[in-house]
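J.: Would you mind keeping the following structure in view while I ask a few things?
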Amino acid sequence: EPEVTQTPSHQVTQMGQEVILRCVPISNHLYFYWYRQILGQKVEFLVSFYNNEISEKSEIFDDQFSVERPDGSNFTLKIRSTKLEDSAMYFCASRGGGLARTYEQYFGPGTRLTVT
Amino acid sequence: GNSVTQMEGPVTLSEEAFLTINCTYTATGYPSLFWYVQYPGEGLQLLLKATKADDKGSNKGFEATYRKETTSFHLEKGSVQVSDSAVYFCALAKYTGGFKTIFGAGTRLFVKA
């Protein structure tokens, strides 16, 4: 069964450093997402991406964040200058296209980001 | 705006007990509704879904019915097992420019042997 994969599973970085989190969505999917979950809290939407551009973003997704689909298979989230409060689990998700009303998204296993 | 409210946990049950986790939503139109499960140290797995009013989603003994009149999607299981111990998230998805999923706060379930 196809699945979303994410690398690395755990990233430790120092405050102020740049990090890139990587995701490989399901191959025929067209919509891509990033969410984050601060430890013990709810899962929060960050950004959605379709047709090589951001289609929606939350207030959390400020100028420190960017997303990119550098090739036909990867989808990345970059945080330019990490802060302590960026420590969280980051989930990538993808969704198929077409007229399906399910809106069902398939989630990756997550990357745990620890900022020290 | 669109939102999901679910009962606070933790919920502690003995094995074979009946489980209900309440979930209500606020949204215009007809969102799709989901339950996701997160086992300790793992990611989010889709447990079940429903896309229109009166649909019943079911999987692994869990069920939830999309109730438009009460804007609810309560999760139920007739007989829980220790292996069901996890965090359960109720969620909705609706087109708001990007088909994002909005999650409830999660309910932690502990099942004792």
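First to last, the protein sequences are chains A and B. Going by the numbering used here, the first residue of the first sequence is number 32, and it counts up by one from there. Going by the numbering used here, the first residue of the second sequence is number 22, and it counts up by one from there. Virtual Cβ for every residue (Gly too), placed ideally from N, Cα, C. Remember, it's a predicted structure, so these values are computed and weren't measured experimentally.
(1) Does any residue of chain B bring its CB to less than 8 Å from the CB of residue 139 (chain A)?
(2) Does the separation of the CB atoms of residue 124 (chain A) and residue 81 (chain A) fall below 8 Å?
(3) In chain order, what are the residue ranges of uninterrupted alpha helix (DSSP H) at least 4 long that sit wholly in the stretch 41-124 of chain A?
(4) Alpha carbon to alpha carbon, how far is residue 102 (chain B) from residue 134 (chain B)?
(5) Please work out which residues of its chain come closer than 6 Å, Cβ to Cβ, to residue 108 (chain A), disregarding the five sequence neighbours upstream and downstream, and give them in chain order.
(6) With a cut-off of 8 Å, do at least 3 Cβ pairs link the stretch 95-115 of chain B to the stretch 48-61 of chain B?
(7) Do residue 25 (chain B) and residue 99 (chain B) have their beta-carbon atoms positioned less than 8 Å apart in this structure?
(8) Tell me whether the beta-carbon of residue 64 (chain B) lies closer than 8 Å to the beta-carbon of residue 92 (chain A).
(9) Three or more beta-carbon pairs under 8 Å between the stretch 72-88 of chain B and the stretch 32-43 of chain A, yes or no?
(10) Using a Cβ-Cβ cut-off of 8 Å (strictly less than) and excluding sequence neighbours within five positions of residue 67 (chain A), which residues of its own chain qualify?
(11) Can you tell me where the beta strand (DSSP E) holding residue 96 (chain B) begins and where it ends?
(12) Quick one, which residues of the stretch 60-74 of chain B are near chain A if we go by CB-CB under 7 Å, in chain order?
(13) By how many angstroms is the C-alpha of residue 87 (chain B) removed from the C-alpha of residue 71 (chain B)?
T.: On the basis of the supplied data:
(1) For the purposes of this step, residue 139 (chain A) is taken as the residue at position 108 of the first sequence. Taking Cβ atoms only, chain B reaches closer than 8 Å to residue 139 (chain A), which makes this a yes.
(2) For the purposes of this step, residue 124 (chain A) is taken as residue 93 along the first sequence, with counting starting at 1. For the purposes of this step, residue 81 (chain A) is taken as residue 50 along the first sequence, with counting starting at 1. Not in contact: residue 124 (chain A) and residue 81 (chain A) (Cβ atoms no closer than 8 Å).
(3) Every candidate alpha helix (DSSP H) stretch fails here, since none sits fully inside the stretch 41-124 of chain A while reaching 4 residues.
(4) Within the second sequence, the letter at position 81 stands for residue 102 (chain B). Within the second sequence, the letter at position 113 stands for residue 134 (chain B). CA-CA distance, residue 102 (chain B) to residue 134 (chain B), rounds to 8 Å.
(5) On the first sequence, position 77 is the one that residue 108 (chain A) refers to. 52, 65 and 98, listed in sequence order.
(6) Enough Cβ pairs lie closer than 8 Å, so yes.
(7) In the second sequence, residue 99 (chain B) corresponds to position 78, counting from 1. In the second sequence, residue 25 (chain B) corresponds to position 4, counting from 1. Taking the C-beta atoms as reference points, residue 25 (chain B) is found no nearer than 8 Å to residue 99 (chain B).
(8) Here residue 64 (chain B) is taken as the residue at index 43 of the second sequence, counted from 1. Here residue 92 (chain A) is taken as the residue at index 61 of the first sequence, counted from 1. For residue 64 (chain B) and residue 92 (chain A), no; Cβs fall outside 8 Å.
(9) No: the two stretches stay apart, fewer than three of their Cβ pairs being nearer than 8 Å.
(10) Looking up residue 67 (chain A) in the first sequence gives position 36. Excluding sequence neighbours, residue 67 (chain A) sits near 74, 75, 77, 91, 119, 120, 121 and 122.
(11) Along the second sequence, read from residue 1 onward, the residue named residue 96 (chain B) stands at position 75. That run of the beta strand (DSSP E) goes 96-98.
(12) So the list reads 63, 64, 65, 67, 70 and 72, given in the order they occur along the chain.
(13) Indexing the second sequence from 1 puts residue 71 (chain B) at position 50. Indexing the second sequence from 1 puts residue 87 (chain B) at position 66. Per the coordinates, the alpha-carbon of residue 71 (chain B) lies some 6 Å from the alpha-carbon of residue 87 (chain B).
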